[in-house]
Amino acid sequence: MKLKTKLYSIAICFVLSHQLLLADGRDSTFINPNEAIETNIENNLDSLLNLWYVENSINTEALAERINSHPDDTIDFNYPDSLFIERLSKIPSVVDLTYNQTVRNYIKVYTVKRRETVEVMLGLSDYYFPIFDDIFDYYGVPNEMKYMAIIESALNPRAYSRTRAVGLWQFMYGTARMYGLDINSYVDERRDAIKATHAAARFVSDLYDIYQDWTLVIAAYNCGPGNVNKAIRRSGGKRNYWDIYYYLPRETRGHIPAYIAAVYTMHYHAEHDLYPRAIELPIASDTLMITEELHLEQVSKVLGVSIEQLRDMNPQYSRDIIPGTGKAYALTVPLQYTADFIDLQDSIMNYNDSVYFNKDVVVSPVSRSNTFVPAPPSANMTKVYYTVQPGDNLGFISSWYNVRLSDLRYWNNVHRNIIRSGQKLIVYVPKGKADHYKKINSMSFADKQRMVGGTVTAKANTSSSATASASNGSYVYYKVRSGDTIWEIAKSYPGVTEKDIISLNNFSYNEKIHPGQQIKIKAK
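Take the sequence shown: its letter number 233 is residue 319 in the numbering used here, and every next letter is one higher.
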C-alpha cells in the first residue's frame, strides 16, 4: 500500500512539473509527427557545427558545403527490410527494437540525409557516452538509455527547443528544479553534462518505477507522464507502447522510431561507411571549485586559454560569470592549465575585477539581495594580533574571537580562506575584552576549542576545515562549515571519494549539506 501511495505521489509530481509540455500543442492535427521530429533532429545536428571544439576540429565551412551539395539519391539505400530486422535483433537492449517503415525512414535520415553531421555526432559520442555509462551504472539504469540524448539534443549541451527545453537531456524548467539542478540568471545546470546526466538518470529511474517498461519510459520522458497515462486510459488500460501508439501526442509517435533508428545507427554506422570524426575535445581536464565571483574572460586573459573553449567546457554559465559568492561552483579547464590556475589564482581573480564586478555593491545571483563590503571597525573596537598555527583555519579563528568570517577576511585582505602557518592576522575586538582575546595566542588548540564549546580534534590535513573526531577508530565525523561541498570534503581525506561519503551517509546524489551537520567518513 505504501509503495502504491509513493508511486501515485511521484506520478502527480511529474504531471504537475510537465504542465508546459502538456499545453504546447503537441496533439494538434496540423503536426506531421515524422516531419516534426525529423526537423528537430536535423536542427540539432546543424547546431553541432556552432560549437567551438567542433569548429576547431574540422573545417565546418567545407562540411556545410558538402552537406548542401549532396543530393539524397547519390547514396545507396536499397537495403531489404530483412537486413534491418536481422541487425536490430542482434542488439542487446531492454527496449523492444521494433522495425517498421517509420523506423526505416529515420535510419535514412541518419545514414543518407545527414551523413557528415552524423559523423561529427559519432565523434562526440566518444566523449559523452563514457560519462553517461558511468552515471547510469551508478543508478542501475540500462546504458542504452544514453541513446535518448541523440534524439533529444544530438549531444549538444547548448540545445534549446521550441518548448524551452534545454541541454543534452532537454529538461524543462520545472523538472530540472525538481531534480536539483540550479537555474538562475547566471547558471543553468541543464547544460552541465555531469549534473544533468545525474538528474536524467534519476528521472528515468522514477519513470520506470511507475511504468515498469523502458519503451514507455522513453515516451514519458518526451511528452510527460500525463500524456502517457491518458493514452493508457484511452486504450482501455493497455501498457504496450504500440498498443497505445495512436493515443499518444502525434510528435511522440515518431520519438520511439527515431530512438530505434539512433540505436541502429550507433551500432551499424560502419556498415553504412559512416565513421566518427576526430573531435578535439580536451578529454584530459580538471575541475576547480570556485568560491568567489569569477568571469571566464579573467581566466582566458591570464592563462591564455581561448574564451570559446572555456565556454564550451563550462556551458552552464550563461553570462560567462561563475557566481561563487553564495556557494562553490565548478570550473572545468584543460588539464595542462590546472597548475597555472593554482599558481596565478590571485592574479586571475584580481584581473580587471573592477571592470567585471562592482566591488562596492555585489548582487548575488543566488539570493538576489545586496551584499555590502564589511564596514571598518567601530570606535569601541581595538586591534589585536593572532599568529596562525599549523592546522588553523579562518573558521576556527573567527569562532575563537567571536567575529564574522567575512570581517576577518576583509580586515586581512584574505581571498578564498587561504592562510599560512606563522602569518599574523589582525582581529578587531571590543576594547573592554582586549586582554581576554590577547591570551588566545598562547593557548593550545584544545583549550581554544573548549573555550567556544567546540570539538577537540585532529584535522585530516592542515588545510581542512574539519572539526572531526574519531568515533571508534574506523570512522571520523566531519562538522560541515559554510561553503563546504561533499567533493571538497572528500579531497581533504586521502583515499576517500565523494561516492564513499554519499554511500556511507545514505545521501542521494547532489544532496545539499548544511553548516553544523555531522558527516561520517571512513578512516583510511
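Think of the CB as a built atom: it goes at the ideal place given N, C-alpha and C, for glycine as much as any other residue.
Here P476 is exposed: its Cβ has fewer than 16 other Cβ atoms, across all protein chains shown, within 10 Å. Taking all protein chains in view, the Cβ of H600 is surrounded by fewer than 16 other Cβ atoms within 10 Å, so the residue is classified as exposed.
Contact annotation, L590 with K565: C-beta distance approximately 16 Å; criterion of less than 8 Å not satisfied.
Rounded to whole angstroms, the gap between the alpha carbons of E378 and D406 is 14 Å. Taking C-beta atoms as the reference points, A317 and Y297 fail to come closer than 8 Å. Here Y472 carries a strand assignment [DSSP, helix/strand/coil].
Taking A348 as reference, the option from S239, C309, A285 with the minimal CA-CA separation is S239.
With contact defined as three or more Cβ pairs closer than 8 Å, the segment 264 to 281 and the segment 243 to 255 are in contact.
Contact fails between the segment 380 to 392 and the segment 343 to 360, because fewer than three Cβ pairs, one in each stretch, are under 8 Å apart. Within the same chain, Cβ atoms closer than 6 Å to the Cβ of T418 are found at S371, T373, M399, N400, the five residues on either side in sequence being excluded. In the assembly as shown, L421 is an exposed residue. Its beta-carbon has fewer than 16 other beta-carbons within 10 Å. A check of alpha carbon separations from P166 across V181, N438, N186 identifies N186 as the nearest.
Closest option to A416, judged by alpha-carbon separation, among D268, W497, G310: D268. By the C-beta criterion, the segment 168 to 182 is judged not to be in contact with the segment 210 to 220, since fewer than 3 inter-stretch pairs fall below 8 Å.
Scanning the segment 350 to 424 from its first residue to its last, the whole beta strand (DSSP E) runs of 3-plus residues come out as 371 to 376, 379 to 381, 407 to 409, 415 to 420. Here L511 is bridged, per DSSP, to Y472. Of the other Cβ atoms in all chains shown, 16 or more fall within 10 Å of the Cβ of P311; this residue is therefore buried. Runs of beta strand (DSSP E) with 3 or more residues, each lying fully within the segment 265 to 296, are absent. Contact annotation: I304 and I330 have beta-carbon atoms that are not nearer than 8 Å. In this structure, G410 keeps its C-beta atom at 8 Å or more from the C-beta atom of I434.
In the displayed model, Q256 falls within coil according to three-state DSSP, outside both helix and strand. Taking 8 Å as the upper bound for CB-CB distance, A520 and T468 are in contact here, some 5 Å apart. Here DSSP, grouped into helix, strand and coil, assigns Q535 to helix.
Rounded to whole angstroms, the gap between the alpha carbons of Y514 and V470 is 6 Å. DSSP lists M467 as the beta-bridge partner residues of P516. Around the beta carbon of N488, a 10 Å sphere encloses fewer than 16 other beta carbons of the protein chains shown; the residue is thus reported as exposed. In the DSSP assignment, Y563 falls within the unbroken beta strand (DSSP E) covering 561 to 565. Taking the Cα of V562 as reference, the smallest distance to any Cα among D570, T571, V582 is reached at V582. DSSP places Y246 in the strand class (E or B) of the three-state scheme. In this structure, the straight-line span from the alpha carbon of S464 to that of R490 is close to 14 Å. In this structure, DSSP gives I599 a state outside helix and strand, which the three-state scheme calls coil. Residue burial annotation: I512 is exposed, with fewer than 16 other C-beta atoms found within 10 angstroms of its C-beta. Of all alpha-carbon atoms in R288, L174, S211, D162, the one lying nearest the alpha-carbon of V198 is that of D162. Buried is the label assigned to P335, since at least 16 other Cβ atoms lie within 10 Å of its Cβ. Where I607 is concerned, the enclosing beta strand (DSSP E) starts and stops at 604 to 608.
In this structure, V195 lies away from I365, with their beta-carbon atoms at least 8 Å apart.
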